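Just below is one structure, and these are the notes that go with it.
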Amino acid sequence: MKEFESLNKKQLLKLLAVIALSDGTIDKRGKYMRSITLRTNKNSVGQHDMFNYLSNQVINKNAGNIKSKKFLCSRIYSTKLVKKLLKLSPSYKTTPCKENKEDFLSKPQPTLSFMFNEDKKIQILALRMWFDFEGTIIPRFRLCKKVDRKYFSYDLAFLYEVFLAESNPSLVNDLIKLCNNVGFKAVIKKDPRNWIGLGGVKLYGKEDVIKFSKLGPITDVKVSKKSPRFCGFTKKSIGLSTVEILKWKKIHWSFDNEKEGLELKQELDKKFRNIIKKHN
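For what it's worth, this note's numbering labels the leading residue of the sequence shown as 30, then goes sequentially.
Written as structure tokens, this is what we have:
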């Protein structure tokens with residue numbers, strides 16, 4: 030983990046907290062919070078290596094592995110570590126589960142504010158880590174019909190955005206602030222399917238997408254089956270391929286008929302997939 034080599038234990042603890050907030054859970058046994066668990070799909074070996082590395086560096090203890098045919102699961106048993114994490118964020122519960130929204134939001138909320146006073150390098154690592162677990166790059170060639178009075182035309186354009194998923198209002202606002210702190214222009218992305226209508230945070234400016242995509246996730250995590258178009262490719266390869274296309278002289282075309290637009294779209298989709306394979 031070259032990115033972590035120059036960091037001290039307090040900074041590494043904060044990065045471990047980012048994992049717990051994004052894709053981990055803190056488990057309660059009786060009256061006490063005793064363990065931190067990371068559960069992912071079976072392709073995310075690098076994420077568990079990172080989780081184990083941070084555990085080893087912070088408390089000199091390896092994370093234990095829990096066998097399962099369906100997913101990968103690592104767990105750190107340490108009441109002392111959990112207490113340290115709870116000093117950074119008063120809660121790691123990000124959704125109401127069985128509570129109603131009002132009761133849940135009236136309680137102390139999870140936060141990333143412990144990152145705000147860190148230097149830019151650490152804040153960027155926190156965003157990259159969030160992207161590793163709960164982020165995606167969404168590149169696509171889109172053909173749409175354009176109507177100008179009685180005249181019809183078809184526009185084909187390369188669209189792109191970096192998306193950091195999160196539905197908790199406190200964490201969404203903190204992610205926006207982290208992005209702003211390091212120079213990224215981010216906006217809230219809504220999702221009416223989630224419990225409070227929030228989907229997360231997105232970067233859509235060309236230069237921001239290029240800069241973030243070059244950084245990419247920390248591990249070589251692959252896209253899951255939730256995205257059939259890119260399933261099996263690494264997030265890094267999709268990001269680098271997006272950068273490559275954004276450097277083309279032309280990423281927007283206009284046509285008088287739909288057939289020409291569809292033919293070029295099919296050609297570009299195939300070319301994009303070959304570029305991803307090259308970087309994968």
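Positions of the beta carbon are idealized from the N, C-alpha and C atoms, including for glycine. Only a predicted model underlies this, so the values are computations on that prediction, with no experimental measurement involved.
In chain order, which continuous runs of the beta strand (DSSP E) of length 3 or greater are located wholly inside the segment 118-172? Counting whole runs of 3 or more residues, the segment 118-172 contains the beta strand (DSSP E) stretches 164-166.
Does the Cβ of GLN295 have 16 or more other Cβ atoms within 10 Å, making it buried, or fewer, making it exposed? With fewer than 16 other CB atoms across the displayed protein chains lying within 10 angstroms of its CB, GLN295 is exposed.
Nearest-angstrom Cα distance between LYS99 and LYS255? Those two C-alpha atoms are separated by around 15 Å.
Would you report the Cα separation of PHE133 and PRO125, rounded to the nearest angstrom? Taking the straight line from one Cα to the other gives about 6 Å.
In the segment 203-247, which residue ranges form an unbroken beta strand (DSSP E) of at least 3 residues, counting only runs that do not cross its ends? Counting only runs of 3 or more, we get 215-219, 227-232.
Spatial neighbours of ARG169 in its chain, beta-carbon cut-off 6 Å, leaving aside the 5 residues before and after: Cβ neighbours of ARG169 beyond the five flanking positions: LEU188.
Does DSSP put ASP177 in a helix, in a strand, or in coil? Note: ASP177 maps to strand in three-state DSSP.
Report yes or no: do three or more beta-carbon pairs, one from the segment 251-268 and one from the segment 211-223, lie closer than 8 Å? Touching, no.
Once the 5 residues before and after ASN210 are set aside, which same chain residues still bring their CB inside 8 Å of it? The answer, listed in chain order, is PHE145, LYS149, GLN152.
Beta-carbon proximity list for VAL252, same chain, < 6 Å, skipping 5 on both sides: The beta carbon of VAL252 sits closer than 6 Å to those of PHE259, CYS260, PHE262, all from its chain and outside the five residues before and after it, given in chain order.
Distance between ALA46 and GLU128 (C-alpha atoms, nearest Å): Computed Cα separation, rounded: 24 Å.
Rounding to the nearest angstrom, what Cα-Cα distance links LEU275 and PRO119 in this structure? Approximately 41 Å between the Cα atoms of the pair.
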